[in-house]
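As structure tokens, the structure follows; a few thoughts come after it.
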Amino acid sequence: MKWMNDLYAIYQKLGATGFEEVKKEIVKAQLTGCNGGEVYYLVLQQLVMIKKDKVQIYEVIKGEVENIIQYSRLN
Numbered sequence: 001m002k003w004m005n006d007l008y009a010i011y012q013k014l015g016a017t018g019f020e021e022v023k024k025e026i027v028k029a030q031l032t033g034c035n036g037g038e039v040y041y042l043v044l045q046q047l048v049m050i051k052k053d054k055v056q057i058y059e060v061i062k063g064e065v066e067n068i069i070q071y072s073r074l075n
């Protein structure tokens with residue numbers, strides 16, 4: 001699952017730039033899911049909210065977020 005690699009990169013960038021609370025929100029969504037599809041959907045939901053509401057944070061993780069969104073369009 002390539003999107004998991006992008007998610008890991010997001011976690012690294014958020015941790016390195018001091019956005020720990022946002023990272024925790026995404027991790028919480030990831031841990032809430034029961035299966036792979038549900039986990040993906042919950043994480044995607046968090047990332048779309050970041051894209052819409054937290055532009056400064058989105059700019060830090062833009063490439064990975066767009067890769068994960070693109071993954072949903074391909075599958």
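Okay, so the sequence shown: first residue is 1 according to UniProt numbering, each after it adds one. Every residue gets a Cβ at the ideal spot worked out from N, C-alpha and C, and that includes glycine.
Which residue wins for smallest C-alpha separation from residue i, given the options the options?
{"i": "L47", "options": "A16, Q12, K62, T17", "result": "K62"}
{"i": "K52", "options": "E66, C34, T17", "result": "E66"}
{"i": "M1", "options": "E20, G37, V60, K54", "result": "G37"}
{"i": "Q45", "options": "N35, I68, V55", "result": "I68"}
Near residue i, what residues of its chain come up, given a Cβ to Cβ distance below 6 Å and the 5 sequence neighbours on each side ignored?
{"i": "Y11", "result": "K23"}
Whole-angstrom Cβ separation of residue i and residue j, contact assumed at under 8 Å?
{"i": "V43", "j": "L7", "result": "6 Å"}
{"i": "residue 92", "j": "E64", "result": "The question about residue 92 has no answer, for the chain in this structure spans 1 to 75."}
Please list, in chain order, all residues of the same chain as residue i whose beta carbon is under 7 Å from its beta carbon, the five residues on each side excluded.
{"i": "G15", "result": "K23"}
{"i": "I57", "result": "F19, V22, I50"}
Taking the C-alpha atoms as reference points, what is the distance between residue i and residue j?
{"i": "G33", "j": "W3", "result": "15 Å"}
{"i": "V39", "j": "I26", "result": "10 Å"}
{"i": "T17", "j": "V55", "result": "14 Å"}
{"i": "Q70", "j": "N5", "result": "14 Å"}
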